[in-house]
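Start counting the sequence shown at 36; every next residue gets the next number (the working numbering).
A short worksheet on the structure shown next.
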Amino acid sequence: MMLQSSGTKTKLILSLVLLALMLLAPMLLSEFRLSLLGKFLAFAVLAMGLDLIWGYTGILSLGHGVYFGLGAYCMAMHLKLAASPDGLPDFMSWSGVEQLPWFWTPFQSAGAALLLAVLVPVIVAFVLGYLTFRNRIRGTFFSILSQALVIITVTLFVGQQGYTGGTNGLTNFDTFLGLKLGDPSVKLMLYYVTIAAVGLTLLLSLWLASSRLGKILVAVRDAENRVRFIGYNPVAYKVFIYCVSAGLAGIAGILFVLQEGIISPAQMGIVPSIEMVLWVAIGGRATVIGAIIGTVITNAAKTTFSEAYPEFWPFLMGALFVVVTLFFPKGIVGTLQELADKWRAGRTRSTQVLGSKALAYSEPSKPQ
């Protein structure tokens with residue numbers, strides 16, 4: 036109980052420090068660097084959802100880039116239609132498409148686009164999760180299936196040039212609800228919206244992790260058969276948390292497109308999907324706050340290395356992953372929690388020893 040309380044205190048302190056740094060960032064960073072940080076924080080929303088299914092439930096998804104991409108495409112479709120004076124995106128005209136496809140029609144509404152950006156990933160996750168978890172497919176087999184989903188989705192989006200933009204994806208849009216996305220004040224507003232999304236996702240994730248649901252998810256991770264034997268249905272819990280994680284990835288896609296101004300199939304491929312898992316691993320599994328820290332540090336290191344050493348930065352990133360895996364297997368936050376627990380345990384033992392010595396000295400000697 037004491038260790039759990041100390042872990043909660045560590046997370047609280049890290050959360051407050053992180054919040055303060057995010058709020059102070061506009062005063063410390065240039066417009067370009069602030070835009071990068073906003074993009075990293077959008078990724079952090081996805082990473083927290085991934086931590087819920089991997090860190091707490093033991094579901095290793097190597098295809099979360101699909102849910103991120105679906106959410107981003109839903110948002111980008113609305114932005115593209117808003118940027119098309121004749122109501123038909125330019126790439127459709129170039130591909131010979133003369134009429135707006137029926138599945139593009141709902142995205143003429145901003146509200147529908149925002150709703151579908153969350154619902155579409157959730158529906159896809161529900162179908163995949165239910166079919167696989169019901170058949171007790173898990174572990175490596177589920178990871179392979181999630182990668183297969185990535186390959187199928189990317190191939191579909193690349194092949195349908197006239198409907199999805201093909202390899203180039205969707206870009207060349209600059210307004211949302213009448214706001215110029217390139218305007219510095221709008222960029223700053225989107226940054227604070229992203230901070231709010233990160234904060235709400237953090238609260239939701241911590242609440243889920245500390246609730247009765249979170250305890251059941253951990254039990255499913257550690258001993259799924261025992262959970263089934265005592266009367267719970269692991270399939271329902273796994274499908275639910277998987278859908279929540281996919282919805283959060285869709286929200287991350289919305290925030291990313293609004294700030295970055297582009298989405299392409301390459302951004303939801305196998306490599307980005309694996310990188311998302313590494314964000315959580317570096318920050319610390321089953322910590323929630325570690326997903327934010329790992330995402331920001333990893334992407335900041337990637338940007339710094341690529342700028343300073345354009346020819347060698349992949350090797351430097353690889354070395355970073357190896358060092359963290361070997362020397363910090365519990366991730367950054369997990370290691371900090373472990374050190375804090377050891378320090379508190381040592382301090383408690385010292386206090387007990389001093390107290391016992393003081394008690395021994397204060398006891399009166401027995402008469403002979």
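Note that the Cβ used here is the ideal one computed from N, Cα and C, for glycine as well.
Item	Value
What I want to know is whether the C-beta of Lys365 ends up closer than 7 Å to one or more non-hydrogen atoms of the ligand ADP.	As presented, the structure is devoid of all ligands, the ligand ADP included, so that no description of it is given.
Take Ile317 as the anchor and find which of Gly73, Phe356, Gly90 and Arg171 has the nearest alpha-carbon.	Phe356
Give me whichever residues DSSP pairs with Phe211 in a beta bridge.	Leu214
Along the chain, where does the alpha helix (DSSP H) containing Lys74 start, and where does it finish?	Glu66 to Asp86
For Ser65, is the classification buried or exposed, using 16 other Cβ atoms within 10 angstroms of its Cβ as the cut-off for buried?	exposed
Have a look at Asn2 and Val274 and give me their C-alpha separation to the nearest angstrom.	Since the first residue shown for the chain is 36 and the last is 403, residue 2 is missing from the structure and cannot be characterised.
Okay, do the stretch 285-296 and the stretch 57-77 touch, 3+ Cβ pairs below 8 Å being the bar?	yes
Under 8 Å, with one C-beta from each stretch per pair, do the stretch 89-102 and the stretch 169-184 reach the 3-pair mark?	yes
Classify Tyr227 as buried or exposed, calling it buried when 16 or more other Cβ atoms lie within 10 Å of its own Cβ.	exposed
Under the assumption that Ala232 contacts Val80 (Cβ atoms under 8 Å), give the Cβ distance between them as a whole number of angstroms.	6 Å
Within 8 Å (strictly less), CB to CB, does Ile94 reach chain C?	Within the model displayed, chain C is absent; a lone protein chain is all it includes.
State buried or exposed for Thr383, treating a residue as buried only when at least 16 other CB atoms are found within 10 Å of its CB.	exposed
Three or more C-beta pairs closer than 8 Å, one from the stretch 107-126 and one from the stretch 200-213: is that the case here?	yes
For Glu133, is the classification buried or exposed, using 16 other Cβ atoms within 10 angstroms of its Cβ as the cut-off for buried?	exposed
Could you tell me which residues DSSP pairs with Ile298 in its beta bridges?	Leu205
So does the stretch 296-306 actually touch the stretch 46-53, counting three or more Cβ pairs closer than 8 Å?	no
Are Leu76 and Thr229 closer than 8 Å when you measure CB to CB?	yes
Quick one: using the 10 Å Cβ neighbour count with 16 as the cut-off for buried, is Ile186 buried or exposed?	exposed
Along the chain, which unbroken stretches of the alpha helix (DSSP H) at least 4 residues long are found entirely within the stretch 363-389?	none
For Pro136, does the count of other Cβ atoms within 10 angstroms reach 16, so buried, or fall short, so exposed?	exposed
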